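Chains as they are written, first to last, in the working numbering: chain A, 161 to 674; chain B, 543 to 674.
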């Protein structure tokens, strides 16, 4: 037998290769002291196995890193809002739970603020989702800038945001809410144009043992109460708000059938020439004759109609009914300089075909377009809605009057007003209220009236309740006004009576109801 | 002129011979680790003091060269040309593995020899590469 036949290294090398190929990359074979060619092969295989093992370890480390990054990305997706990077509802819920637990251990209770943009739908539908997304990102930045470092800002979905303030006082919570409201009422810049969105805020403080879901629900209820109160305000949750929320649900459910069941009514508030007291027009105001709840005012159901999508149907009904009534008055008093004013919500202004619909209604009733004026709220016009503006321009060209309503409640500048297709500005009652008693307010209203006049627009003062207010407005050169001083909103037959009386009066002097 | 090694697993000696060649000797059966390689390279640079010299590396019977050490050997140093001297086919495999890790090529002409004279001849070929 030869010496090489006794050499077991070759068999051991085969075993090593089998071991390595089975996946055990840590296997090695010690070279013999001979350090001959066979040992060189063994050494080479040892080195190659070492390289392979290291490569595999590196690859495993790389894959582990990728997996870890994927896990973090998934966690981020699960807990954060992709658009704004804010916490989402799930993470907010967790943090509320933690804040509540700390409160159990002696910290002050957490407060949750729920914020909803008032005009976001108008902006989103009018300027596109891209513009809407830009605004949402901007809202996220603004909210983040007003909170404390310990607070969590979250996006709950759509245009609804929330702020969690752990361990807080009512004073601190209100301060943050007010700063948030102020921030969100400044215009957003979208494609180089100012856009107003506004917001309503609901606050709720956590109670001992209250779940995160309940706390968010109550803050949400408070937010809806803020919206119902006219938007752009802050409400702290009170238990009775749940009742109001339930009522709201009932009203929403009933309102769907209100038009079909002929439960809507139009009331008319006269608009008068301040000097003569003559009625020169009227504002049509919708009421809902609810079979159980009695006569409901717009503030009881308009926001419900907007949220439920019934606002367009209601708007159609109002336009048709108002123009039909206008036709009656024009036939009866053909020479009277009478114009009927109808409110259009921002949603209606944006509705495709609104200009055609109104134009056809005027044609159908044979009414001169100049006898109709449309009132759009200031904030509604300030949302930068191109489609809405085009519709208003079309109507303006037909001769229909277009007015800005509640002027002084929003943030529009006179220079911006000049670019809008309007002919009249209705000065909000909040500006008129103290005009007879507050000298500063007189100066302010006087300046506004002069500015309105200087850009060639007509001013109508709203909410005149006293003779003093009327006189003061006359002194300031305001020509037209409306308010309880002259007449409450009244049903059509009563206004017909007033118009008849005015028509019969030879010189037409004196206020219609005074 | 010589620099002693610092520890057992480090190089055995580093000297400059009469011809001006660096002679780096590793102990028998050594496993050259990353820190040991780093120490040797630093010593080479220190002893040369700005002068590039051919170097003979006596690595006969080296047990293995760690991956980290191989990376260090890929760095540019005061050695202008390296002859790696071993005795066996095992030394040859280890030496070539040590060089194989160096991308894209060794920082200076490097070759493995089992014959000392041939190694010196290779170093002398590069005498004109010395930068004084």
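Here a beta-carbon is modelled for each residue, glycine too, at the ideal position from N, C-alpha and C.
Predicted model only: the values in this text are computed from it and were never measured.
Check: Quick one: Cα of residue 534/A to Cα of residue 583/A, how far?; Outcome: 10 Å
Check: Can you give me the start and stop residues for the alpha helix (DSSP H) that residue 433/A sits inside?; Outcome: Segment 424-433 is the beta strand (DSSP E) holding residue 433/A; no alpha helix (DSSP H) there.
Check: Our contact map puts residue 611/B next to residue 627/B with C-beta atoms below 8 Å; I'd like the distance itself, whole angstroms only.; Outcome: About 17 Å separates the two Cβ atoms, so there is no contact after all.
Check: DSSP three-state label for residue 395/A, please.; Outcome: strand
Check: Whole angstroms is fine: what's the gap from residue 514/A's alpha carbon to residue 461/A's?; Outcome: 22 Å
Check: Against residue 603/B, what residues of chain A qualify as contacts under a CB-to-CB distance less than 8 Å, listed in chain order?; Outcome: 195
Check: Which residue comes first and which comes last in the beta strand (DSSP E) that contains residue 501/A?; Outcome: 499-504
Check: Along chain B, which residues have their Cβ under 8 Å away from the Cβ of residue 200/A?; Outcome: 630, 631, 632, 634 and 635
Check: Under the DSSP definition of a beta bridge, which residues are partnered with residue 595/B?; Outcome: 621/B
Check: Who are the neighbours of residue 639/B on chain A, taking C-beta pairs under 8 Å?; Outcome: 204 and 207
Check: For the alpha helix (DSSP H) that contains residue 526/A, what are its first and last residues?; Outcome: Careful: residue 526/A lies outside any alpha helix (DSSP H) and carries neither H nor E.
Check: With which residues is residue 348/A paired in a DSSP beta bridge?; Outcome: 355/A
Check: For residue 609/B, return the contacting residues in chain A, with the cut-off set at a CB-CB distance below 9 Å.; Outcome: 210, 211 and 214
Check: Look up residue 216/A in the DSSP assignment and say whether it is helix, strand or coil.; Outcome: helix
Check: Pick out whichever of 185/A, 263/A, 465/A and 527/A has its Cα sitting closest to the Cα of residue 121/A.; Outcome: Any question about residue 121/A goes unanswered here, given that chain A covers just 161 to 674.
Check: By the criterion of Cβ-Cβ separation under 8 Å, what are the contact partners of residue 269/A in chain B?; Outcome: In chain order: nothing, as chain B lies at least about 58 Å away.
Check: What is the rounded straight-line gap between the Cα of residue 630/A and the Cα of residue 611/A?; Outcome: 20 Å
Check: If you compare alpha carbons, which of 388/A, 323/A and 294/A is closest to residue 347/A?; Outcome: 294/A
Check: Can you find a CB in chain B that lies within less than 9 Å of the CB of residue 240/A?; Outcome: no
Check: At a Cβ threshold of 9 Å, is residue 191/A touching chain B?; Outcome: yes
Check: Between which residues of its own chain and residue 641/B is the CB-CB distance below 7 Å, once the five residues before and five after are set aside?; Outcome: 648 and 652
Check: Got a sec, what are the start and stop residues for the alpha helix (DSSP H) residue 486/A sits in?; Outcome: 471-492
Check: In terms of residues, what are the limits of the alpha helix (DSSP H) holding residue 663/A?; Outcome: 652-664
Check: Considering Cα atoms alone, identify which of 665/A, 662/A, 622/A and 304/A is closest to residue 644/A.; Outcome: 622/A
Check: What does DSSP give as the partner residue(s) for residue 537/A in the beta ladder?; Outcome: 565/A
Check: Excluding five sequence neighbours on each side, which residues of the same chain lie with their C-beta closer than 6 Å to the C-beta of residue 552/A?; Outcome: 562 and 581
Check: Less than 9 Å separating the beta-carbons of residue 147/A and residue 334/A?; Outcome: Missing from the structure shown is residue 147/A; chain A here goes from 161 to 674 and no further.
Check: So what's residue 443/A in DSSP terms, helix, strand or just coil?; Outcome: strand
Check: What three-state label does DSSP hand residue 210/A in the structure shown?; Outcome: helix
Check: From residue 571/B to residue 219/A, what does the alpha carbon distance come to, in whole angstroms?; Outcome: 32 Å
Check: So is residue 104/A buried or exposed if we call it buried at 16+ other beta carbons inside 10 Å?; Outcome: Chain A is shown only over 161 to 674; residue 104/A falls outside these bounds and no answer can be derived.
Check: Nearest chain B C-beta to residue 177/A closer than 9 Å, yes or no?; Outcome: no
Check: Quick one, are the C-beta atoms of residue 340/A and residue 248/A less than 9 Å apart?; Outcome: no
Check: Looking at the strands, I want to know which residues DSSP matches up with residue 322/A.; Outcome: 274/A and 314/A
Check: State yes or no: is the C-beta of residue 322/A within less than 9 Å of the C-beta of residue 379/A?; Outcome: yes
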